[in-house]
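Participant:
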Amino acid sequence: MIENYLRSFNIFSENDIEDFLQLFETRKVQKNDFFVQEGEKCREIAFIVSGIFRSYYISDEGKDMTYCFRFPNQLMAGYSSFISDTPSMENMQAITDADLMVFKKDALDGLVKDDLNWTKFLKMIAEQEYLELEKRFFQLQRDSAARRYEALLGNQPYYVQKIPLQYLASYLGITQRHLSRIRKEISI
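So for the sequence shown, my numbering puts the first residue at 13; every next one is plus one.
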């Protein structure tokens, strides 16, 4: 899985990929457990082999605000914390049981120092994250909740069915009742 992900960037040799795989550790995460919690420094990056995660924060009013989902074959980290070595402002919680391949920041820093391809890789990841963030921003500003739900459903139809309604509604910026109406309209 991760081998194909790394190959998709077209910058690594098979030896680079094999060396990289030696630095990963596998980790099982139980449903509702955290990969990163607010206030902790994120010193790892993970490739999701199986499972679904949500990123959320608690608003000033005490509301749980889901703003991102992560699915299999995606990388995951508290990026701001990971990059800046500051405490995370977000929580990354498993919605389902999950299997991860985890890579320590120190090991990644060593690779970057020794090989320019890893710097290119991180640049490409940062660009992808920026594009995803921009897309999300425009969706929230421009698209209706129904259109945002349909886009998520179109990208991850199997996994969306496994996400609890309260997290989906929070992600879409609507109430659970409104989400139920949207789902009913779409299924007709």
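Each residue gets a CB set at the ideal place from its N, CA and C atoms; glycine is no exception.
Would Gly166 be called buried (16 or more neighbouring beta carbons within 10 Å of its own) or exposed?
Facilitator: Its Cβ having fewer than 16 others within 10 Å, Gly166 is exposed.
Participant: Put Gln49 into one of helix, strand or coil per three-state DSSP.
Facilitator: Correct three-state label for Gln49: coil.
Participant: Tell me whether Ala163 is buried or exposed, calling it buried when 16 or more other Cβ atoms sit within 10 Å of its Cβ.
Facilitator: The residue in question, Ala163, is exposed, as its Cβ has fewer than 16 Cβ neighbours within 10 Å.
Participant: Quick one, are the C-beta atoms of Phe115 and Leu35 less than 8 Å apart?
Facilitator: Closer than 8 Å, so yes.
Participant: According to DSSP, what are the bridge partners of Thr78?
Facilitator: Looking at the DSSP assignment, Thr78 forms a beta bridge with Tyr68.
Participant: Tell me whether Arg195 sits in a helix, a strand or coil according to DSSP, three-state version.
Facilitator: Reduced to three states, the DSSP call for Arg195 is helix.
Participant: Which residues in the same chain as Gly63 place their Cβ atom closer than 8 Å to its Cβ, once the five residues preceding and following it in sequence are excluded?
Facilitator: Val41, Pro84, Ala106, Ile107, Thr108, Asp109, Ala110, Asp111, Leu112, listed in sequence order.
Participant: What does a CB cutoff of less than 8 Å around Arg19 pick up in its chain, not counting 5 residues either side in sequence?
Facilitator: So the list reads Ile29, once near-sequence residues are dropped.
Participant: Relative to the C-alpha of Lys53, which candidate in Arg148, Ala119, Glu146, Tyr91 has its C-alpha closest?
Facilitator: Closest by alpha carbon: Tyr91.
Participant: Name the DSSP beta bridge partners of Glu56, please?
Facilitator: Glu56 is bridged to Lys116.
Participant: Considering only residues of the same chain and omitting the five flanking positions on each side of Ala138, which have a CB-CB separation below 6 Å?
Facilitator: Result list for Ala138: empty, nothing under 6 Å.
Participant: Could you give the DSSP three-state label for Asp28: helix, strand or coil?
Facilitator: It is helical.
Participant: Report the rounded CA-to-CA distance for Val150 versus Tyr79, giving the unit in angstroms.
Facilitator: According to the sequence provided, residue 150 is Phe. The question's Val does not apply to it. If I take the Cα positions, the gap works out to 14 Å.
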